[in-house]
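If you're matching them up, the sequences are chains U and E in order. For the first sequence, our numbering begins at 755 and goes up steadily by one. For the second sequence, our numbering begins at 447 and goes up steadily by one. Quick notes on the structure that follows.
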Amino acid sequence: MWQVLWFERSQRIGAELPAKEVKRLGRKVMITMVPALALKLIKPLTKCTTQAWYTSGMDVLQAVDRINELLESDMGQTSNTSMRIPTALRDAAAIAVRELGAASSTTALTAAALKARLEAAVMQAVLDDHIRQYPQARPSLGDLAVAAAELDGHPLAGEPERVRQAALEVEARHPDAEPEDVLLWAEARAIPAS
Amino acid sequence: MSHLIVLDNEAVQALSDPAHKKHVHVVSHVRVVADRKSRGLPVTVSVPTTVRVEAGWDRTMPAWAFLNRLRIADIALDGLNANIAASIRQDARVSVADAHIGAVIAATTATKVTVITGDPADIRRVAAEREVHVVTV
Numbered sequence: 755m756w757q758v759l760w761f762e763r764s765q766r767i768g769a770e771l772p773a774k775e776v777k778r779l780g781r782k783v784m785i786t787m788v789p790a791l792a793l794k795l796i797k798p799l800t801k802c803t804t805q806a807w808y809t810s811g812m813d814v815l816q817a818v819d820r821i822n823e824l825l826e827s828d829m830g831q832t833s834n835t836s837m838r839i840p841t842a843l844r845d846a847a848a849i850a851v852r853e854l855g856a857a858s859s860t861t862a863l864t865a866a867a868l869k870a871r872l873e874a875a876v877m878q879a880v881l882d883d884h885i886r887q888y889p890q891a892r893p894s895l896g897d898l899a900v901a902a903a904e905l906d907g908h909p910l911a912g913e914p915e916r917v918r919q920a921a922l923e924v925e926a927r928h929p930d931a932e933p934e935d936v937l938l939w940a941e942a943r944a945i946p947a948s
Numbered sequence: 447m448s449h450l451i452v453l454d455n456e457a458v459q460a461l462s463d464p465a466h467k468k469h470v471h472v473v474s475h476v477r478v479v480a481d482r483k484s485r486g487l488p489v490t491v492s493v494p495t496t497v498r499v500e501a502g503w504d505r506t507m508p509a510w511a512f513l514n515r516l517r518i519a520d521i522a523l524d525g526l527n528a529n530i531a532a533s534i535r536q537d538a539r540v541s542v543a544d545a546h547i548g549a550v551i552a553a554t555t556a557t558k559v560t561v562i563t564g565d566p567a568d569i570r571r572v573a574a575e576r577e578v579h580v581v582t583v
């Protein structure tokens, strides 16, 4: 049987509530086996054998906070999951572990990749939210290309104007260009014609 | 190839304040890091805890929520790092926070290190022989 916890945004740990109160409170109630976040009353899905442990209804920053909290919590606890991955991917991972020493196990490899991807998703979401609040903080492609050059100690890092000019040229033809595309173009432009 | 990016006080200030003249500059660095992480590249952004002290970055204060959410990891000044930092501070005559950055640079196993700073000369001094990319904000 589920433990029912009362939850408000400002709270992390709630108190048990009677079922009638749960029904009345609806979305403000969380249901979970641990004192974690969830935002509304749900029923287990009949199509899935894994007990639902989260619900939708969080806003972006609540989701970010919850993901960060989970990423920083004890990773020693493990769970079996019914998550399905392509068989070929599973087999490739097994070979990578066994023959290439990519990780100590396929589980470790999968967990590390998942963690890195989650961290990236969190950072992207936080930056997107920040830029929604402060549109003037949005970097241009030129800004990103300069930043990429600086982080790597690229020879063009000391020539930001050249990089920005290259960004304008690349963006005019390729609106989805990446900072690295700009650096490549700027580098190519810097090579004197023979 | 792992890449460690270290923020110093000026970078923290610029990132935390949307009105700071270098805010977009440091946001650009973080955006590039996020893009690289999403492509599976092993890159992390960190802040030495003494830099946090200098910058006034208290993780429990709502004012710092934006930076807290960006998964910028603390690097604590533990006993080992304190010994290295003490030596660097004596030799280079820099602040405690800069000496801590030097200790981080000396102790890291990352193959590439970048420091985003307002004082490149001090960072080059504390980095000593270690190759470090220094980004000036």
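Glycine included, each C-beta is placed from N, C-alpha and C at the ideal position.
Chain U residues whose Cβ lies nearer than 9 Å to that of residue i
| i | result |
| --- | --- |
| Thr560(E) | Glu904, Leu905, Asp906, Gly907 |
| Ser492(E) | None at all; the shortest Cβ gap to chain U is about 13 Å. |
| Ser448(E) | Going along chain U, no residue has its Cβ under 9 Å from Ser448(E), so there is no contact; the nearest lies around 11 Å. |
| Gly564(E) | Within 9 Å Cβ-Cβ: nothing; Gly564(E) doesn't reach chain U, min ~14 Å. |
| Gly525(E) | Ordered by position in chain U, no residue passes the 9 Å Cβ test against Gly525(E), which lies about 23 Å from the chain. |
Neighbour-count burial assignment, residue i, 16 or more Cβ in a 10 Å radius
| i | result |
| --- | --- |
| Val437(E) | Given a span of 447 to 583 for chain E in the structure shown, any question on residue 437(E) remains unanswerable. |
| Met877(U) | buried |
| Thr800(U) | Its pLDDT being 46, under 50, Thr800(U) is placed unreliably in this model, and the value from its coordinates should be taken loosely. Thr800(U) is exposed by the Cβ-count criterion. |
| Val783(U) | Residue confidence is low: Val783(U) scores 43 on pLDDT, short of 50, so the model does not pin down where it sits. Its coordinate-derived value is still stated next. It counts as buried. |
| Asp897(U) | buried |
| Asp813(U) | exposed |
| Asp568(E) | buried |
| Ser858(U) | exposed |
| Thr786(U) | Only weak support is given to the placement of Thr786(U): the predicted model assigns it a pLDDT of 41, under 50, and the value that follows is read from those uncertain coordinates. It counts as buried. |
| Asp537(E) | exposed |
| Ala842(U) | exposed |
| Ala573(E) | buried |
Beta-ladder partner(s) of residue i, from DSSP
| i | result |
| --- | --- |
| Ser492(E) | Val452(E), Ala519(E) |
| Val581(E) | Ile562(E) |
Interface residues of chain E facing residue i [CB-CB closer than 9 Å]
| i | result |
| --- | --- |
| Asp897(U) | Val470, His471, Val473, Ser474, Arg477 |
Under 8 Å by beta carbon: chain E residues contacting residue i
| i | result |
| --- | --- |
| Val818(U) | Arg515 |
| Pro933(U) | Val478, Asp481 |
| Leu881(U) | Val473, Val476, Arg477, Ala480, Leu516 |
Chain-ordered chain E contacts of residue i [CB-CB under 7 Å]
| i | result |
| --- | --- |
| His884(U) | Phe512 |
| Glu873(U) | Lys483, Arg517 |
Residue range of the beta strand (DSSP E) that includes residue i
| i | result |
| --- | --- |
| Ile562(E) | 558-563 |
Within chain U, the residues that residue i reaches when beta carbons sit closer than 7 Å
| i | result |
| --- | --- |
| Pro464(E) | Tyr888, Ala891 |
| His546(E) | Simply none; closest approach about 21 Å. |
| Ile551(E) | Result: empty, since nearest Cβ-Cβ is about 14 Å, beyond 7 Å. |
Start and end residues, alpha helix (DSSP H) containing residue i
| i | result |
| --- | --- |
| Trp939(U) | 933-944 |
| Arg477(E) | 469-484 |
| Val917(U) | 914-927 |
Length at least 3, wholly inside the segment 822-859 of chain U: the beta strand (DSSP E) runs in chain order: none
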